[in-house]
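Heads up, the thing below is written out as structure tokens.
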Amino acid sequence: MTGAVAPAAHAAGPAAHLAGRAMPAIPELEACIHCGLCLNHCPTYRVTHLEAESPRGRIYLVNASAQGRLDLTASVADHLYLCLMCRACETACPSGVQYGRIAEAAREVLGPPGPPVTRTLVRLALRHVMPYPWRLRVVARLMRVFQRSGLAALAARVLPERLRARIALMPQAGARFYTPEAEVLPAIGERRARVAFLSGCAMSMFFADINEATVRVLRRNGCEVVIPRGQACCGALNVHNGEAESARAMARRDIDAFPDDVDTIVTNAAGCGAAMKEYGHLLKDDPAYRQRAEHFAARVRDASEFLKGLGLRTRPQPMSQTVTYQDPCHLAHGQRVRAEPRALLGAVGVRLAEMAGSDRCCGSAGIYNVLQPEMAETLLREKMEAIRATGAATVVAPNPGCMIQLKYGAQRFGVPVRVMHLMDLLDEAGA
Amino acid sequence: MADQIPTTGTSPGRFRLDDLLIAELRALLGDRLSTSAAVREHHSRGETYLPPYPPDAVVFPESTDEVREIVRACSRHRTPMVPFGAGTSLEGHVAALQGGISIDLSRMSRILRVSPEDMDVTVEAGVTHRQLNKHLRGTGLFFSVDPGADATIGGMAATRASGTTAVRYGTMRESVLGLTVVLADGRLIRTGGRARKSASGYDLTRLFVGSEGTLGVITEATVRLHGLPEAVSAATCSFATVEGAVNTVITTIQLGIPVARIELLDDVQMDAVNRYSNLGCPVAPTLFLEFHGASERSVAEQVEMVKEIAAGNGVGDFRWATDPEERARLWKARHDSYFATLALRPGAVAITTDVCVPIARLAECIAETKKDNAASSLTIALIGHVGDGNFHLIYLVDPNTPAEMEEAERLNERMVMRALAMGGTCTGEHGVGYGKMKFLEAEHGEALNVMRQIKQALDPHNLMNPGKMVRV
Amino acid sequence: MDRAALIRRLQAIVGEPYVLHRPDDLTVYEQDALMVARHKPDLVVLPDTTQQVSDVVKAAREAGLPIVARGAGTGLAGGAIPERGGVVLAMTRMTRLLDLDLASRIAVVEPGMVNAELTAMLAAHGLFYAPDPGSQVASTIGGNVANNSGGPHCLAYGVTGNNVVGLEVVLADGTVTWLGGRAMDAPGYDLTGIMVGSEGTFGIVTKVVVRLLARREAVRTLLAIYDRMDVACEAVSAVIGAGIVPEALEILDGITMRAVNQTLHAGFPEDAEAALLIEVEGLSESVPVLIERIEVICRAQGARRIQTAATAEERLNLWKGRKQAYGALGKLGRRTMMLDVCVPRSRLPEIMRRVLEAGRRWNVGVANFFHAGDGNLHPTPFFDFDDTSPEYARVIGLTEDIMRACVELGGTITGEHGIGLEKREYLGWMFNDADIAAMKQVKQVFDPADALNPDKVFPTGRSVHGAPRGKALAVPRA
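Line by line, the protein sequences are chains A, B and C. Last residue of the first sequence: number 436 in this note's numbering, and the count goes up by one each step with no gaps. Last residue of the second sequence: number 474 in this note's numbering, and the count goes up by one each step with no gaps. Last residue of the third sequence: number 513 in this note's numbering, and the count goes up by one each step with no gaps.
Printed below as a string of structure tokens:
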């Protein structure tokens, strides 16, 4: 070759915390045949047009590290953490590559995302706050104070631009933290099923009323609802942000807290449902918990799947409104649940105006919108335009993260739309 | 007119024929080499209005090997060569501008292989399309490119010929699957193949199709065939305005109606055709259409749809025929339009020109052209394969009145520039030859450099049909 | 020019974020969809305008670096793999639809426009872009042009070369020129025609003028199930022999059907050996007539079962099985390697016999699905070892036997995937020295310094198969 270019030292050096680490050569990596059909389903590839921000590229990086051909650097970590973990690529992949598992394994090696300060803060939050419901209550109360006292408004004026955006993104802490009236709530009318309910951390902090609505709907349809006191956060955020060990501890705790003898464990948060359905995989190397984890995972259902399977008991009042539906990534791609929520919408008589790209990520992605505000904003803008184009007055999004993001988006981009949870809507309709 | 043919050309750079070469060729071909004035005159112009340039000698090879020997010999003696098929070209393609040897391929007329199952044939370059279709009778297949004249397949490949069926079946570009070509130094190459799809290497077939004999001599071609339609119907519809006719064409194509032929004849042309072929149609802009289909019903459906579209565009007369004889009469009248026009003014010669514009600008282009021509005293007829935005003008000029000739050229040049300005090209199907070289330059800009370099690479001594297409 | 200076110069042209130079950023561009070779580029640049492309080409040339254009990197022949390093010019940012001329039925698009997205944009106007390769949800128009891509609907509408009317191209010295234009059949040498399929070795395409076709009124799709492959192939000939040219005519074999059933629950029978997928479009009167005739022919040839789709949904379901076939085959073995060869259609039964024979001889399983109407096959060996294993030689033996058989039957060694890296050593099976020399002369005109995608298409004496990985990477980097 006639190149006359001498290699130069790299500007961005290796990250100290990654020195000596390499990706594991897990069997899931083999399934990728490098066809590239995932590219245009990936939101970050569509925005950046960069191979390294595509599922194929990310798998390639993990593989190259696993084969000893690539050192892990801050740049590699950045590429892997720009991923939303939306798993739209899994839906698109003709080879059945389990991208989610590859990404989670990679993040376990990388640890939490971002520069050192961010990493420390994220680790603190994930290890020392998320697993403890009472600490979450304290944080929720602090947030309420911060937001209602005017401190938030003050901070918004005083802080630099990039922090301001993150303050704005902060959801409104609910008036109260979800507290069920009892641990076991009887069915209303004839009992048709006995289910356990995951109250969830985000739902409890920000949408206590939706949890209550969910339980009401379940009970009205003949479910005895068990809400175990010992339960806590499912650990999804921990898995997605490189805190796999603490996630495993949280999984074990929930497996212990939930009774073995309920047929179904119901959740109204798509992200939690997806995470819990993978508990078998999360604890596959734990001989003591593996089987129980699989038994647990096999019983997890999203509220929409469960209710559709059970069949609504009452004929709800038809609601003559037009709604549009946002497929939460972890429901549509993570759990392949798309038809059931739509069927339930049909059952309450709303007119469904499908939005273009309903299963494309809104940019919430757990704490992604806080860590990657630019990408999240770009995706949110597109999403809000898609919603606007449907002309619907309501968008239904059965996941707390999506709801928070879309509410923010409605305000930020001036799209006058009400953001509801599916259970909320069903409750209103009297289902 | 033999005594008017110059025996040495008047163009600059004309070389002096080497007697040694003639001797070599005569040893190779015997009496299949001719230097008689009559034969040379016949090979001096084709069907163009441009002046004749006879070669110094004409050879009649009968095989690819003989062509190779001829080319090698000419190459050794640095003698220009001009491939010649049936001589029906219209832009001076076969004129031997610098003299030299005219290589007449008409004796290479064997049909080498017919594969009805694969629907392709391989023929020698001198086979004409009518000969081929006659040979195919009974197979249920036909070769679709029909330029009107009985041109050879080799010549049609060299000029990327089109025809009345292009709107449905494509042109030579779609029809040629592979070629055998003798290059300027006598090398023999094969391009393409029989496979319907191939991504192997460069598609040199595309380079040679339309190269007008300037890159080599095509000696064999493999071409695609189509199935004869189960049902055929023809129709004529006359309109109040050219615009109405063109809009009908646009809508027809946009709706995906798979019409097989669409021809537009203006009022002047219709008048000529009426007189010559006794058609009795209204003297007005008229569309001649042909429909192919899988059944009588599907053809009838197509006719109905077009009738409806035409009704919305000011159609007057609408006639249609399924009877084969009636259809043949209609199309013969169309194909005889050239002679019909000539008959309008006995003693005149016809200058035929040819442009192509995007179909959306067609009505506009024709309207402006007609306005431009209205001021002239010349009789000018218009006919075109409007399905692809291509139309021809026929100017009738008195060969003895140079002023008329100049006027026709002036009007033509304006029309070509008009077409270029509308995003069109200077030739829809007649090719460049040397008559349209200056327009090629206007049209192509930088790409012309690339063309020049390709010509120089494959024919460094500029022996293959020099002075045509690309100026080196 | 040293590397740092080149990087600065390139950054000045396209902007800092679009000049990639870190090891991880370069690594992801070392492969396309061909997995048996990889080479890191020196740099990757992502331009956004024709002017930027021209300036980058000039800069790279001044630095003495080769240039490899890349679309989505879905090519199966390794055409985008930078074997000699150099600058990979990724065209993925240039995705605009520049002009849509509905009346003339052409569109002008940038090369990074995704094939399926172009057709989606046209749907509202009742138009579509015909070449629909299996990769269309990812592959770009520019990449399609480089490879002369095909697809199932090419039977009726031709391949990319028949659907491209003009190209804006940046040549090896940075000159920008138009080839062809907005009208089909531009006079002069058909430079558009030879640029299509030139695999990035003649120039960098920066705009494509594509021909648009009108969606027909009616479409019907039919699935015919057969117990034997050779009978199915004969049915293909019978349909075409009856003068019917469907819009698409595809075949899947039993192995493929069973694999697709596993991934997609497509509902194919578990014990059939071949399925014919036939699609017909046209006016609403003629289409049902045609489909009925095809049904009669298929039954007469011994179809076990026939399923017709009339609604859009039913039709999509029938097609999903076919379009996802390649990916579904991933389930059959750890590795697959889709071949791409083409024979005259009448030789289909014979080539299928020889494919199955070769599979038995080399003891490698082979799945088959193909564009039967064009005679374009995709025999896909599947196996559990990878390409560094000595067993891999069996796969190469199988591949060569199949290619040889195709050439013997009057066909070609690549129907639509291109020569790229993968097949360059076999070009001589299709063309003799004189033919190849002529091709090289044309290449010389476009790229005298051999800077554009060097070592593709023409034989180099270095095969990507069989040579141990180490050798391929040891190409000297001066």
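All C-beta atoms in this analysis are idealised placements derived from N, C-alpha and C, irrespective of residue type, glycine included.
Residues are counted here when their Cβ sits less than 7 Å from a Cβ of chain A; for the stretch 80–105 of chain C these are Leu81, Ala98, Gly99 and Leu100, given in chain order.
When Cβ pairs closer than 8 Å are counted between the two stretches, the stretch 412–426 of chain C is seen not to touch the stretch 203–210 of chain B, the count staying below three.
For the stretch 125–213 of chain A, the full-length beta strand (DSSP E) segments reaching 3 residues or more read 198–203 along the chain. Taking C-alpha positions only, C/Thr109 is separated from A/Leu44 by approximately 10 Å. Taken in chain order, the complete alpha helix (DSSP H) segments of 4 residues or longer contained in the stretch 444–478 of chain C are 462–465. No Cβ of chain C is located within less than 7 Å of the beta carbon of A/Gly116. Restricting attention to C/Val322, C/Gln359 and C/Pro425, the CA atom closest to the CA of C/Leu299 is found in C/Gln359. A distance below 7 Å between beta-carbons, with the five flanking residues on each side excluded, links A/Arg92 to the following residues of its chain, in chain order: Tyr104, Gly105, Cys334, His338 and Gly339. Proximity of the stretch 218–235 of chain C to the stretch 423–442 of chain B meets the contact definition, three or more beta-carbon pairs being nearer than 8 Å. Our two residues, C/Glu285 and C/Glu327, have alpha carbons roughly 18 Å apart in a direct line. Shown here, B/His228 sits in a strand according to DSSP, grouped into three states.
Listed by position along chain C, the residues whose Cβ is nearer than 7 Å to that of B/Ala313 form an empty set, because the closest Cβ is around 18 Å away. Non-local C-beta neighbours of A/Arg142 in its own chain, meaning closer than 6 Å and more than five positions away in sequence, comprise Phe182, ordered along the chain.
In the three-state DSSP reduction, A/Leu115 falls in the helix class (H, G or I).
In the DSSP assignment, B/Cys358 forms a beta bridge with B/Asn392 and B/Thr427.
For B/Asp106, the beta-bridge partners assigned by DSSP are B/Phe86.
Interface flag for C/Met148 against chain A is unset, since no Cβ pair is found closer than 7 Å. The bridge partners DSSP lists for C/Asn411 are C/Cys377 and C/His406. Those residues of the stretch 88–104 of chain A placed with their C-beta closer than 8 Å to a C-beta in chain C are Ala97, Cys98, Pro99, Ser100 and Gly101, ordered along the chain. Comparing alpha-carbon positions, the option among A/Arg297, A/Ser209 and A/Leu126 lying closest to A/Trp139 turns out to be A/Ser209.
In the DSSP annotation of this structure, the continuous segment of the beta strand (DSSP E) that includes C/Glu316 starts and ends at Ala309 to Gly317. In this structure C/Gln66 is buried. Its beta-carbon is surrounded by 16 or more other beta-carbon atoms within 10 angstroms. Within chain C, the C-beta atoms nearer than 7 Å to that of A/Gly62 come from Val63, in chain order.
Inside the stretch 231–258 of chain A, DSSP marks whole alpha helix (DSSP H) runs of 4 or more residues at positions 241–245, from first to last along the chain. Using a Cβ distance threshold of 7 Å, B/Ile105 and B/Pro85 count as a contacting pair.
Interface annotation, C/Met126: not in contact with chain A, CB-CB separation never under 7 Å. Judged by pairs of C-beta atoms under 8 Å, the stretch 427–447 of chain B does not touch the stretch 63–78 of chain B, as fewer than three such pairs exist. Apart from the 5 residues on each side of it in sequence, C/Val274 sits with its Cβ closer than 8 Å to the Cβ of Pro281, Leu284, Ile313, Ile329, Ile332 and Cys333 in its chain, given in chain order.
Inclusion of B/Tyr55 and B/Ala98 in the CB contact set at 7 Å is warranted, their separation being smaller than that value. Residues of chain C whose Cβ lies closer than 8 Å to the Cβ of A/Cys47 do not exist; the shortest such Cβ separation is about 10 Å. Using a CB distance below 8 Å, the part of the stretch 175–206 of chain B facing chain C consists of Arg175, Glu176, Leu185, Arg189, Leu190, Ile191, Arg192, Thr193, Gly195, Arg196, Ala197, Arg198, Lys199, Ser200, Ala201, Ser202, Gly203, Tyr204, Asp205 and Leu206, ordered along the chain.
With a 10 Å radius around the Cβ and a threshold of 16 neighbouring Cβ atoms, A/Glu188 comes out exposed.
For C/Met230, no beta strand (DSSP E) segment is defined; the enclosing uninterrupted segment is the alpha helix (DSSP H) at Leu226 to Met230. C/Phe303 has no beta-bridge partner at all, per DSSP. Distance from C/Ile454 to C/Val492 at the Cβ level is roughly 5 Å; contact confirmed, criterion being Cβ atoms closer than 8 Å. Contact residues of the stretch 157–187 of chain C toward chain B are Asn182, Asn183 and Gly185 (C-beta to C-beta distance below 7 Å).
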